[in-house]
Amino acid sequence: MEITADRVVTIHYTLKNDGGVVIDSSDGGEPLAYIQGHGNLVVGLEKALEGKRDGDTLAVVIEPADGYGRRDEALIKRLPKRALQGSGEIKKGMQFQAQTEQGVRLFTVTALAGDMVTLDGNHPLADQRLHFEVKVVEVREATSEELEHGHVHGAGGHHH
Ligand code: ZN
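Residue numbers (the working numbering): 3 to 162.
Below you can see the structure in the form of structure tokens.
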């Protein structure tokens, strides 16, 4: 079956950066299941998978604009610690969700200096070219319930 919008696609994938370092992989684990055309994967990968079939393998290089985006300096914020009240002791690497003009984003504490905290709302893979190797394991129609929920049920997806 061909990959197109509203079909459930199960893939095995390996993601590497420009240096050939493995950033993420489903190797040795459960494959990833997603619904095509719902923005569950980065844009560039959905585009590359459109029209592929069960058993196909592909290697695709995705530019940051079609991946996790460009690094945006406006998403780096310096705040007084008291603005994060109720979070207990603030440490480097802690993450907070915050509302921005682009919706809810995850911010990571990248620096602490005196009373000030630096938070970075950029995706850790922003500005990176993504090298994906993908094997299409299965393609099937989504159930109406899956389309309603916007995610896959069963193997590789949600169990509820
Ligand atoms: Zn569900």
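Just so it is clear, CB atoms sit at the ideal spot from N, CA and C, and this is done for glycine as well.
Here DSSP, grouped into helix, strand and coil, assigns P33 to coil. Between E4 and V141, the C-beta spacing is below 8 angstroms.
In the structure shown, P82 falls within a strand segment according to DSSP collapsed to helix, strand and coil. When rounded, the separation of the alpha-carbon atoms in T145 and A128 is 33 angstroms. A distance below 8 angstroms between beta-carbons, with the five flanking residues on each side excluded, links R131 to the following residues of its chain, in chain order: N19, D20, V63, I64, E65, P66 and G69. As summarised for the segment 114 to 158, the continuous beta strand (DSSP E) elements at least 3 residues long and confined to that stretch are 118 to 122 and 132 to 143, given in chain order. Counting only the Cα atoms, F109 lies some 7 angstroms from A100.
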